[in-house]
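Visitor:
Number of protein chains: 2
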Amino acid sequence: MKPIEKAERYTLSKLVVQNLKQYIIEHKLAPGERLPAERELSQIMKVSRAILREALRSLESAGILDIRHGEGAFLSANSLSPLLEQLSFAASLSGGGRQELREIRYLLEAAAIEEGVRRGSAFPIEELERWHAAAAQPQQADESGSQAAEAEAQFHIAIVGTLGNESLGKLAELFIRQALPHSGVKADERAKQRVRYLQALRSSDSTAAKLALRELAGQSPEAIGR
Amino acid sequence: MKPIEKAERYTLSKLVVQNLKQYIIEHKLAPGERLPAERELSQIMKVSRAILREALRSLESAGILDIRHGEGAFLSANSLSPLLEQLSFAASLSGGGRQELREIRYLLEAAAIEEGVRRGSAFPIEELERWHAAAAQPQQADESGSQAAEAEAQFHIAIVGTLGNESLGKLAELFIRQALPHSGVKADERAKQRVRYLQALRSSDSTAAKLALRELAGQSPEAIGR
DNA sequence: AAATGTTGAGAGGTCTGACCATTTGAGATT
DNA sequence: AATCTCAAATGGTCAGACCTCTCAACATTT
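Chains U and G, in that order, are what the protein sequence lines are. Heads up, the first sequence is in UniProt numbering, so the first residue is 1 and it goes up one at a time. Heads up, the second sequence is in UniProt numbering, so the first residue is 1 and it goes up one at a time.
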């Protein structure tokens, strides 16, 4: 690693971000490993600690670093999930709003179903039945309502998880949690559709599964077959 | 907006990030609108300018803000290009990353095709043909190579755009741009598959379209019909 | 009057150096 | 051997100074 060279059009702190990424790559840092201390890095790169810290914050917010008071900055283990969170914030900012997010959720899950069936993957039927049962529990007072909601989320997350694509799983989880509270579909109707959904998955009938999912996700505005 | 209150377990700058997000929402800032000046914000929130700046950097790196020297901080219009950078870096860190992102890209686009066909939407064939032609241009020296790549990206972005879901469009754009340079499929092979892809879209044959897309996206690991 | 040049206010960019807060482990105490 | 104490290391925060960029009002020139 060498001192920062001023380049045009770029702000110093962004250059430092680049250099830090470079450092991570060159030193083949593994998740969990620590970076040099702020004061040390700022000396090496010949920038002020303030700038160095701005760069560290950028990387932290990007999910690349994990900064702990009194300990140091560590290469983050799961660097994708923070990014996906930001994605949802960005999405919620852009007007389209809930309906668009609901649709994305539907498309993601539907695609996962189809791909799973195409591959001949085995869906975790038993697990799904457990979640389904938990989600269908009559909602007593307290927080058992949120427990049912959590179970319902897990139901769908488990389905997408079948593909074994961790990034996809996290992405889908994001949208599922976002969409669930606003599906506009009654709880008992959802329970009913989940039964159809499960049955379709048992027989690897992706068409039927997607149909049930459409109902579950409140996706039937300009539909065709209705 | 009110002064920051110290809370437990949270670092000041993260609280400021929260407050700034809140500010954006409460004031219904539209993309392109400006935030108050750094010095002003730091006075209002009663935090140092250094901390305030760290928070701004976080939001900038998250693609939420667009900070311009001498002008100010603006709510970003396209909050995805910074995310793209981070995503690709994060993916390069974790081995399985790229392949997973490629797969997500495939699933998103495939889902868009299917939904488009289901709705009977008209795909913008003429536009697609133009992009296809531009993407197939022999890559002369200079930067016409990147132009071809851009055209190829636009080709796929336009397809997803057919659904009219802006959030989905941005999301897909993110993954398409990320996946394109690493598809592992030769350029002439891609051109060939694009022709098939286009033909399938003309006749609203989602099955054929998805097949061509699989080839384009380099998705045929544990396939079935091969 | 139109084009051009000047300048100053406002905004972000960077630096310095100080002090606070948390974590951790070495060394003293029991 | 277990516990306690404390200092070093490291991140967190602050204040104030100065630099650079942008833009628009204003002055100058054509």
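Note that the Cβ used here is the ideal one computed from N, Cα and C, for glycine as well.
#1: According to DSSP, is residue 14 of chain U helix, strand or coil?
#2: Taking 8 Å as the limit between beta carbons, can you name the residues of its chain near residue 28 of chain U, skipping five residues before and five after?
#3: Suppose the cutoff is 6 Å on Cβ atoms and the five residues either side in sequence are ignored; what does the same chain contact list for residue 36 of chain G look like?
#4: Between the segment 164–182 of chain U and the segment 104–122 of chain U, do three or more beta carbon pairs fall short of 8 Å?
#5: Run through chain G and tell me which residues come within less than 7 Å of residue 110 of chain U, C-beta to C-beta.
#6: Fully enclosed by the UniProt domain "HTH gntR-type" (10–78) of chain U, which beta strand (DSSP E) runs are 3 residues long or longer?
#7: CA-CA distance, residue 76 of chain G and residue 126 of chain U?
#8: Taking the alpha helix (DSSP H) that residue 188 of chain U falls in, what are its first and last residues?
#9: According to DSSP, is residue 82 of chain U part of a helix, a strand, or is it coil?
#10: Is the beta carbon of residue 89 of chain G less than 8 Å from the beta carbon of residue 33 of chain G?
#11: Quick one: is residue 161 of chain U near chain G, going by C-beta distance under 8 Å?
#12: When the Cα atoms are used, what is the spatial distance from residue 5 of chain G to residue 24 of chain G?
#13: Please report the straight-line C-alpha distance between residue 168 of chain U and residue 159 of chain U, rounded to a whole angstrom.
#14: By how many angstroms is the C-alpha of residue 133 of chain U removed from the C-alpha of residue 154 of chain G?
#15: For the putative contact between residue 135 of chain U and residue 152 of chain U, defined by C-beta atoms under 8 Å, what is the C-beta separation to the nearest angstrom?
#16: Return the CA-CA distance between residue 72 of chain G and residue 166 of chain G, expressed in angstroms with no decimal places.
#17: Kindly list the residues whose CB is nearer than 7 Å to the CB of residue 150 of chain U, restricted to its own chain and excluding five residues on each side of it in sequence; keep chain order.
#18: Would you check if the distance between the CB atom of residue 197 of chain G and the CB atom of residue 187 of chain G is smaller than 8 Å?
#19: Have a look at residue 52 of chain G and residue 40 of chain U and give me their C-alpha separation to the nearest angstrom.
Guide: Let's see:
#1: Residue state, collapsed to three classes: helix.
#2: Here the set comprises nothing.
#3: Hits under 6 Å: none found.
#4: Under the three-pair Cβ rule at 8 Å, the segment 164–182 of chain U counts as touching the segment 104–122 of chain U.
#5: Chain G residues near residue 110 of chain U: 111.
#6: The UniProt domain "HTH gntR-type" (10–78) of chain U contains these whole beta strand (DSSP E) runs: 65–68, 72–75.
#7: Put simply, the backbone Cα of residue 76 of chain G is about 45 Å away from that of residue 126 of chain U.
#8: Taken as a continuous stretch (DSSP letters only), the alpha helix (DSSP H) holding residue 188 of chain U covers 187–202.
#9: Here residue 82 of chain U sits in helix by DSSP.
#10: For residue 89 of chain G and residue 33 of chain G, no; Cβs fall outside 8 Å.
#11: Not closer than 8 Å to any Cβ of chain G, the Cβ of residue 161 of chain U fails to qualify, so no.
#12: Residue confidence for residue 5 of chain G is low, a pLDDT of 47 falling below 50, so the modelled location carries little weight and cannot support an answer.
#13: If you take the alpha carbons of residue 168 of chain U and residue 159 of chain U, they lie about 11 Å apart.
#14: Distance between the alpha carbons of residue 154 of chain G and residue 133 of chain U: 45 Å.
#15: Right, the Cβ-Cβ distance comes to about 4 Å (below 8 Å), so this counts as a contact.
#16: In a straight line, the C-alpha of residue 72 of chain G is about 27 Å away from that of residue 166 of chain G.
#17: Counting only Cβ-Cβ distances below 7 Å, and skipping sequence neighbours, we find nothing.
#18: A distance of 8 Å or more separates the beta carbons of residue 197 of chain G and residue 187 of chain G.
#19: Taking the straight line joining both Cα atoms gives about 23 Å.
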